[in-house]
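Have a look at the structure below before the remarks.
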Amino acid sequence: MSEIFILVPGRSSQQGCGINEGKFNETYVNATSFVQMNPNDMLRLGIEDEEKIELKSDFGRIEIAVRKAKADELPVGLLFMAYGDLSSRLMGGDTHGSGMPTSKGLDVEVKKI
Amino acid sequence: MATAEPEKAELKIVNDATCTFCGCVCDDIQLTVDGHKITKAKKACVLGTSWFLNHEIEDRAPCFIKGQPASVEAGIKEAARILYEARYPLIYGLSDTTVESQRVAVSIADWIGSNLDTTTSVCHGPSGMAFQSAGESTCSLGEVKNRADMVMFWGSNPAESHPRHFTKYSLMPKGMYVPNGRKDRTCVMVDVRKTKSAKAADIFIQIKPRKDFEALWTLRALANDIELDPEQVERETGNPLSLWQDLMDRMKACKYGVIFFGMGLTMTRGKHANSEGILSLTRDMNRHTRFACKPNRGHGNVTGADNVVTWRTGYPFGVNLGRGYPRFNPGEYTASDVLARGEADAAMIIASDPMANFSQPAREHLKTIPYVALDPKETPTTKHAAVSFTVATYGINVPGTVYRMDDVPIPLRTAFDSPLPSDLKILQGIEKEVLALRSAAFAS
Ligand code: SF4
């Protein structure tokens, strides 16, 4: 079973603080290694909090833990994660003549492992 | 018998220190310094506090060659050799250092005929392109504080990226024409997700992902009294036309409006076309009232990087100096592209971490070429560098100038000295060595 979602990587306070503590430290590693999902999507797909899922884009594939998004932060079908090594693995190299790879709003396939 | 307390070193207080973690560049921080450690950062936000309290003196060698500790002199020589011998080098980063260092980096790029790019290309580079086509109705943050009665944020989450934006500049402060501060302002937030910032808004508009362009052009049409099909608007933007009309009525009715926009626009489908949309909307609004538009810049001196590269080359980022004169072409000379296409054969990365943030093809190529890295901390980029320098931290150990996100230059006050070299010193050393290699080549 798999379903297409839109992934929005972005800044989080925890990730920002993690940069200052050092990118090999716990805060940064923790902040950049989970993806947030709307609770209704989790229910529908039978995904538990902290369960690892597979995210696959046209350019890469990662395994990552899911966390329930708070209240109405994320609409159904949208995922959020903090920028970092894992989010970069899903990005393509093409910038479409802009210098900027498409880093937000990526189509990703969500699959239970 | 009472034992005497060990004598404590006196704490130093540094007033009006400048935080360089984000583009707000708050210059009102009071630091308490205990020897080589900052123990308190009064007025700093959570990110600023973590910036100041986590930059002690790193217990690392100042230089590594192929992962082995080396002298700074040997590192400078090797770095200059790598850069000078390259056929298509890249100099990249620059957003977390002073304008003084940025100037020297541009000089090195000029001497070696390098590609020169800054982290702007992967944050507001698309906005830099849009400025050239749509222009910029700009303002300082001081103007926002004193005048703005309508403050809009689009694709930006200052609560997590620029935590003092609201309190110091845009929403809370009492200003000359907004004497009651927040009460005199309407705050509108447009985003694809209900971020932590949404709480601060009077009006939150959640649009469909990847539909910023359509939403912006809906507003442009309304600003120009063009009739729209309500069904199409709702289908495309996820919100009814009446909501956009209500927003437009409020925008037209305000005395001084400002739109801050973030990477929600530049990193998503449409990129520079989205930035062009928001800048053009701002221009349209000036037919009705006064409106300004500012990108919310991320890194502490990314605005300085734009300024310095523009003074020196005429272009803000994505410049190639290979022919002895500057050429500008985002998509061709920008770091992501030059690396992902496997073109650069050497690089110098200053104060940034492409090994953590770039696409996989770009990172894979960077791993295969010799490159020089300068950073106060160990990062994935410094780990793979042929030569890496552990440098002192700007704004904490190193003085200089940085530019706030509204292009206002701000001086830095240091908290304590570091035995580590500044990146300015390293870059000056590399420039000198490159010049010596050039002279030797010309002489022979
Ligand atoms: S808002 Fe930005 S510049 Fe100001 S204290 Fe926080 S991190 Fe530092």
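So the protein sequences, as listed, match chains A and B. Per numbering that gives the first Met the number 0, residue 0 is the first one in the first sequence, and the count goes up by one each step. Per numbering that gives the first Met the number 0, residue 0 is the first one in the second sequence, and the count goes up by one each step. All residues carry an ideal CB built from backbone N, CA and C; glycine is no exception.
| Are the C-beta atoms of B/A355 and some chain A residue less than 9 Å apart? | Numbered from its first residue, the second sequence carries residue 355 of chain B at position 356. True, the Cβ-Cβ gap to chain A drops below 9 Å.
Original post:
Based on the DSSP output, what are the partners of B/K475 in its beta bridges?
Top reply: The first residue shown for chain B is 0 and the last is 443, placing residue 475 of chain B beyond what the model contains.
Would DSSP call B/V257 helix, strand or coil? The count along the second sequence starts at 1 and reaches residue 257 of chain B at position 258. In this structure, B/V257 counts as strand in the three-state DSSP scheme.
- With DSSP as the reference, label B/A78 as helix, strand or coil. Mapped onto the second sequence, residue 78 of chain B falls at position 79. It is helical.
Just to confirm before moving on: does the CB-CB distance between B/I107 and B/V318 stay below 9 Å? Translated into the one-based positions of the second sequence, residue 107 of chain B becomes position 108. Translated into the one-based positions of the second sequence, residue 318 of chain B becomes position 319. Result no, Cβ atoms of B/I107 and B/V318 do not sit closer than 9 Å.
task: Please state whether DSSP places B/T381 in a helix, a strand or coil.
output: In the second sequence, counting from the first residue as 1, residue 381 of chain B sits at position 382. Correct three-state label for B/T381: helix.
Can you give me the C-alpha to C-alpha distance between B/K207 and B/A79, rounded to a whole angstrom?
Looking up residue 207 of chain B in the second sequence gives position 208. Looking up residue 79 of chain B in the second sequence gives position 80. So the two alpha carbons sit approximately 49 Å from each other.
- Nearest candidate by alpha-carbon position, reference B/F51, set B/F415, B/A440 and B/G124: Looking up residue 51 of chain B in the second sequence gives position 52. Nearest of B/F415, B/A440 and B/G124 to B/F51, Cα basis: B/F415.
Spatial neighbours of B/H287 within its chain, please: C-beta separation below 6 Å, excluding the five flanking residues on both sides. If you number the second sequence from 1, residue 287 of chain B lands on position 288. Cβ within range, chain order: K251.
Q. Is any heavy atom of the ligand SF4 found at a distance shorter than 8 Å from the C-beta of B/T19?
A. On the second sequence, residue 19 of chain B is found 20 positions in, with the first residue counted as 1. Checking every heavy atom of the ligand SF4 against the Cβ of B/T19, one is found closer than 8 Å.
*asked:* Could you tell me the alpha carbon to alpha carbon distance between B/V13 and B/T38, rounded to whole angstroms?
replied: The residue labelled residue 13 of chain B in the question sits at position 14 within the second sequence. The residue labelled residue 38 of chain B in the question sits at position 39 within the second sequence. Those two C-alpha atoms are separated by around 12 Å.
Q | Span of the alpha helix (DSSP H), counted from its first residue to its last, around B/L264 | A | On the second sequence, position 265 is the one that residue 264 of chain B refers to. Run containing B/L264: M262 to T265, per the alpha helix (DSSP H) assignment.
Relative to the ligand SF4, is the shortest distance from any of its heavy atoms to the C-beta of B/P418 smaller than 8 Å? One-based indexing of the second sequence puts residue 418 of chain B at position 419. No, since every heavy atom of the ligand SF4 falls outside the 8 Å radius drawn around the Cβ of B/P418.
Next item on the list: Determine, using beta carbons only, whether A/P100 comes closer than 9 Å to chain B.
Entry: As a first step, residue 100 of chain A is located in the first sequence; it is residue number 101 there, counting from the start. Cβ-Cβ to chain B under 9 Å: yes for A/P100.
Query raised in the report: Quick one: is A/M36 near chain B, going by C-beta distance under 9 Å?
Result: Position 37 of the first sequence, counted from the first residue, corresponds to residue 36 of chain A. Answer no: the Cβ-Cβ gap between A/M36 and chain B never drops below 9 Å.
- Message: So B/V45 contacts chain A; which residues on that side make the cut at Cβ distance below 7 Å?
- Response: Here the question's residue 45 of chain B lines up with position 46 in the second sequence. Going along chain A in sequence order, the residues near B/V45 (Cβ under 7 Å) are S12 and C16.
Item to check | chain A contact residues for B/H271, given Cβ-Cβ distances below 7 Å | outcome: On the second sequence, residue 271 of chain B is found 272 positions in, with the first residue counted as 1. Ordered by position in chain A, the residues that pass the 7 Å Cβ test against B/H271 are S97.
**Q.** Endpoints, the alpha helix (DSSP H) within which B/T48 is located
**A.** Locating residue 48 of chain B in the second sequence gives position 49, counting from the first residue. Where B/T48 is concerned, the enclosing alpha helix (DSSP H) stretches over V45 to L52.
- Task: Please state if the CB of B/A147 and the CB of B/V177 are separated by a distance shorter than 9 Å.
- Result: Residue mapping note: residue 177 of chain B aligns to position 178 of the second sequence, counting from 1. Residue mapping note: residue 147 of chain B aligns to position 148 of the second sequence, counting from 1. Yes, the pair counts as a contact, with Cβ atoms nearer than the cut-off.
Where do the ends of the alpha helix (DSSP H) carrying B/A220 lie?
Residue mapping note: residue 220 of chain B aligns to position 221 of the second sequence, counting from 1. Segment D211 to A222, the alpha helix (DSSP H) holding B/A220.
Quiz item: Can you find a heavy atom of the ligand SF4 that lies under 8 Å from the Cβ of B/C122?
Solution: Mapped onto the second sequence, residue 122 of chain B falls at position 123. No, since every heavy atom of the ligand SF4 falls outside the 8 Å radius drawn around the Cβ of B/C122.
What do you reckon, is the C-beta of B/P410 under 8 Å from a heavy atom of the ligand NAP? You won't find the ligand NAP in this model; what it holds is the ligand SF4.
Going along chain B in order, which residues have a C-beta closer than 9 Å to the C-beta of A/I5? Taking the first residue of the first sequence as 1, we reach residue 5 of chain A at position 6. In chain order: V191, P208 and R209.
Taking three-plus beta-carbon pairs below 8 Å as touching, is the segment 75 to 94 of chain B in contact with the segment 398 to 411 of chain B?
no
Cα separation between A/V115 and B/G66? Chain A is shown from 0 up to 112; residue 115 of chain A falls before or after that span and cannot be answered.
**Study point:** Contact set for A/K51: own chain, Cβ-Cβ below 8 Å, skip 5 residues either direction
**Key:** Position 52 of the first sequence, counting from 1, holds the residue named residue 51 of chain A. Counting only Cβ-Cβ distances below 8 Å, and skipping sequence neighbours, we find E62, I63, A64, V65 and I112.
In chain order, what are the residue ranges of uninterrupted beta strand (DSSP E) at least 3 long that sit wholly in the segment 319 to 383 of chain B?
345 to 349 and 370 to 374
query = In the DSSP assignment, what residue or residues form a beta bridge with B/N114?
reply = Here residue 114 of chain B is taken as the residue at index 115 of the second sequence, counted from 1. For B/N114, which the question treats as bridged, DSSP gives the partners B/L89 and B/N319.
Open item on the list: Using a Cβ-Cβ cutoff of less than 7 Å, which residues in the same chain neighbour B/R181 once the five nearest sequence positions on both sides are dropped?
Closed with: As a position in the second sequence, residue 181 of chain B is number 182, starting the count at 1. Closer than 7 Å at Cβ, skipping near neighbours: L170 and M171.
task = Report the partner residues of A/I61 according to the DSSP bridge assignment.
result = For the purposes of this step, residue 61 of chain A is identified with residue 62 of the first sequence, where counting begins at 1. According to DSSP, which records beta bridges pairwise, A/I61 is partnered with A/L54.
Cut-off 6 Å between Cβ atoms - residues of its own chain near B/V386, not counting five sequence neighbours on either side: If you number the second sequence from 1, residue 386 of chain B lands on position 387. Closer than 6 Å at the Cβ level, and outside the excluded window around B/V386, lie I64, G74, E77, A78 and V371.
- Message: Short of 7 Å in beta carbon distance, which residues of its chain neighbour B/N285, apart from the five on each side in sequence? Order them along the chain.
- Response: For the purposes of this step, residue 285 of chain B is identified with residue 286 of the second sequence, where counting begins at 1. For B/N285, where only same-chain residues beyond five positions count, the Cβ hits under 7 Å are S136.
ask   = Closest to B/C23 by CA distance: which of B/S160, B/Q231, B/V257 and B/A343 is it?
value = Here residue 23 of chain B is taken as the residue at index 24 of the second sequence, counted from 1. If we check each option's Cα against that of B/C23, B/S160 comes out closest.
**Prompt:** Hey, is B/A3's beta-carbon within less than 9 Å of any beta-carbon in chain A?
**Reply:** The residue labelled residue 3 of chain B in the question sits at position 4 within the second sequence. Because B/A3 carries a pLDDT of 44, less than 50, the predicted location of this residue cannot be relied on, and the following value inherits that uncertainty. With 9 Å as the cut-off, B/A3 does not count as an interface residue toward chain A.
Inset, instruction - Would you kindly check if the distance between the Cβ of A/M99 and the Cβ of B/S120 is under 9 Å? - result: As a working mapping, residue 120 of chain B is identified with position 121 in the second sequence. As a working mapping, residue 99 of chain A is identified with position 100 in the first sequence. Yes.
| CA-to-CA distance, B/T97 to B/A350, given in whole angstroms | Along the second sequence, one-based indexing puts residue 350 of chain B at 351. Along the second sequence, one-based indexing puts residue 97 of chain B at 98. Approximately 10 Å between the Cα atoms of the pair.
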